[in-house]
Every structure is written in C-alpha cells, then in structure tokens.
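J.: Before anything else, here's the structure in question.
Residue numbers (this note's numbering): 23 to 230.
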C-alpha cells in the first residue's frame, strides 16, 4: 500500500542529477507528481522510481494538471489518454511526470485563440486525424488534441477544446474527465487579468 504516516517520494537520476517526485493520495487514488530537484525534509520515505513505474497504467493512463490563475489554484483537471495512440501517450506521460527532463509544471498557457489552451510542443509519430463527412477535422468539447505545427510531423502542441470542431488537421489523443472543463472555462474567462499556469502535474497510479 502507498498510504504512509510520512511523506513518500519516488527517486531517480535525471541528467546526472537526483530528482524526487511526491506520491500523494487524492480521492482514494495514488498520484505521482512531477519530478523536481528538491531537498527533502527529514523523515521522508524515498523509494526507487522503478517501484512506482510498475504501477503505471498500461493502456489508458490518467494524467492531471493543476491550473492556477495568478497565485490562486483554480482546481485539478484529469485527462484520460487514448490507448489508440501509444507513442503520443508515452510522450505525454513523460512530459507530465518529468521522467526525462523538465515537466510541464510551471508552464504558462499561451492564448493565441480564445477557443484553445496551448502549452509546450510534444513530438509524435502517429496522427489519427478525425474528420467529419465534409472532410473537415472534428473534435468534441473537452477533447485534447494535437495539430500539425508549421507542417512538420516532428512537432505537436497539445490543446484542450473549448468548442466542438476544428478547421485544421488535428488528432485527438485524450479527453478531459468530468468536472475538468469547469476549471478550464474559469481560466478561459479570466486569463486576461492573470497568467494561467500549470502549478502541478503528474500521473494517477494503479494500485498494486
């Protein structure tokens, strides 16, 4: 069991530096937070990353982001990644956990269009474009999508849809879980006065 009287952290070496990721309990589920370079307090429990990696979901991971407006946390958004796009899914998980470098923690959203939330670029190797009967790309509200960036397949930006369709090529590789769009909509409605920042992110683990 992951429930402990003391704080629990996963530990691994990333780019020759020791990093730690907090493992917490939220609504009865274990959450692996993004790896950070941090000094742990006395009495914390550290376990090798391999101990937690075996609890990674095999097919349809559930990742999370905590969104803040300015210094105020608005809430936690859960995103279920689709099993049909394994390579994209793996890249997304690594960016949420920071397994291979900096995570998305601290990233500020860039609003280039009022219907989109845009973050950092992610590489991908598969693009299942979803189209309607007229040949236009489509997605439903709450879908997490990638699109062709400058025509190159090596680069993708993931975004959350606040509407229901797109006019450009896109692939859908996840969907916001129930309640998450309320948090995102609040950020959409108020971003002009405050930066919207990912104040925390990570992966929900499967229990042993």
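Built from N, CA and C at the ideal position, the CB exists for glycine as well. Every value quoted in this text rests on a predicted model; they were computed, and no experiment measured them.
(1) Taking the CB atoms as reference points, tell me whether residue 70 and residue 111 lie closer together than 8 Å.
(2) Using three-state DSSP, classify residue 203 as helix, strand or coil.
(3) Provide the residue span of the beta strand (DSSP E) that contains residue 79, from first to last.
(4) Enumerate in chain order the residues of its own chain whose CB-to-CB distance from residue 43 is below 6 Å, with the five nearest sequence positions on each side excluded.
(5) With a threshold of 16 other CB atoms inside 10 Å of the CB of residue 120, please say whether the residue is buried or exposed.
(6) Who does residue 55 pair with in a DSSP beta bridge?
(7) Ignore the nearest five residues each way along the sequence and tell me which others in residue 60's own chain have a CB closer than 6 Å to its CB.
(8) Which residues in the same chain as residue 65 place their Cβ atom closer than 7 Å to its Cβ, once the five residues preceding and following it in sequence are excluded?
T.: Concretely, from the data shown:
(1) Along the chain shown, read from residue 1 onward, the residue named residue 70 stands at position 48. Along the chain shown, read from residue 1 onward, the residue named residue 111 stands at position 89. Not in contact: residue 70 and residue 111 (Cβ atoms no closer than 8 Å).
(2) As a first step, residue 203 must be located in the chain shown, where it is residue number 181. Three-state DSSP puts residue 203 in a helix.
(3) Position 57 of the chain shown, counting from 1, holds the residue named residue 79. Neither: residue 79 is in no beta strand (DSSP E) and is coded neither H nor E.
(4) As a first step, residue 43 is located in the chain shown; it is residue number 21 there, counting from the start. Excluding positions up to five away in sequence, the list reads 32, 54, 55 and 57.
(5) In the chain shown, counting from the first residue as 1, residue 120 sits at position 98. So residue 120 counts as buried.
(6) If you number the chain shown from 1, residue 55 lands on position 33. Answer is 224.
(7) Start at 1 with the first residue of the chain shown, and residue 60 comes out as number 38. Only 42 meet the Cβ criterion.
(8) Numbered from its first residue, the chain shown carries residue 65 at position 43. If we look at residue 65 and ignore the five residues flanking it on each side, its Cβ neighbours are 28.
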